[in-house]
DNA sequence: CTGAAATTGATAATCAATATCATTATGTAA
DNA sequence: TTACATAATGATATTGATTATCAATTTCAG
């Protein structure tokens, strides 16, 4: 299954970089893989602390950076200024619908939008490397309340 | 001309909020209006210091907040984590093409993209309040170098 | 088993942004 | 014009997120 594959990706990265294996990293990786949410550093920390009480905040930061470097995840900096990590493996490019009330993230794709973006860039002579599209609003359940 | 209009908008705001007039604010406003760039707080500060040597960093922050509250400008939080302020008066909604090399900001609009965003949101039951689209890449002159 | 090197956790440092506070500037009412 | 209530300023402290430092611990190849 996918989780296995992701563990391999990270193991490869550790090997490639001549890093060493560690219990804490395993713990954090398991937690990260189990959650399909866009976790904040603090959420990761709170979860990790349950599994490994002595774990330090700095380890979460360091490990998240490694996850990103290995291609497993990506930092997401949103309007609220809080960094979140989102899964990359098995997730093709997508944008986000973000509920400003409950904080829910929905991943969306629209090939039409992608195409128009490319055109826009071409018109200005830009060579696009990446883009960021965030749609803020109220989600289905929050707008009813 | 437009600058005059913007000064009026801010004066109205000051009156409405029962604030007081101040020399420093005038200075910062003039600098902000003169520049069509997306200034960072630090850039604003450096420019203001030339015109009013004793000016404090905190005053720049406070004043920028007032500009935003008055509707003159808007905070822009980008990937690099640095906040920039952009003009709002006379600038209808737009997105940004951002050069990752020289830092240039180009304002763009595409009604097609806007429409597709609305559709996307509707499909998910979202009520959109705002969105953010940033296209990162190399601008025409930077890609030649 | 041993030692070189990576990892950890605690803590200090950094950086942007905000809050505090004594002093100064502003504007209105007398 | 003066007096006074209050807003604004500048210096500085504080916060909150993130990164750097460092001694102690863990990992792993030989």
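Chains as they are written, first to last, in the working numbering: chain A, 24 to 168; chain B, 24 to 168. The C-beta atom is built at its ideal place from N, Cα and C for all residues, glycine as well.
Counting the other CB atoms within 10 Å of its CB gives residue 107 (chain A) a total of 16 or more, which places it among the buried residues. Taking 7 Å as the cut-off between beta carbons, the residues of the region 131-157 of chain B near chain A are 131, 133, 135, 136, 139, 140, 143, 144, 147, 148, 149, 150, 151, 152, 153, 154, 155, 156 and 157, in sequence order.
With fewer than 16 other CB atoms across the displayed protein chains lying within 10 angstroms of its CB, residue 81 (chain A) is exposed. Around the beta carbon of residue 62 (chain B), a 10 Å sphere encloses 16 or more other beta carbons of the protein chains shown; the residue is thus reported as buried.
Taking 8 Å as the CB threshold, residue 105 (chain A) stays off the interface with chain B. Contact with chain A is found for residue 120 (chain B), since one of that chain's Cβ atoms lies less than 8 Å from the residue's Cβ.
Its chain contains 130 as the residues whose beta carbon lies nearer than 8 Å to that of residue 114 (chain A), once the 5 sequence neighbours on both sides are disregarded; these appear in chain order. When C-beta atoms of the region 73-91 of chain B are compared with those of the region 36-48 of chain B, three or more pairs fall below 8 Å, so the two segments count as touching. Secondary structure note for residue 46 (chain B): its alpha helix (DSSP H) is the uninterrupted segment 46-57.
Buried is the label assigned to residue 119 (chain A), since at least 16 other Cβ atoms lie within 10 Å of its Cβ.
Residue range 150-161 is occupied by the beta strand (DSSP E) that includes residue 160 (chain A). Chain-order list of chain B residues neighbouring residue 166 (chain A): 148, 149 and 150, by C-beta distance under 9 Å. Residue-level contact check: residue 124 (chain A) does not touch chain B, since none of the beta carbons of chain B fall below 8 Å from its beta carbon.
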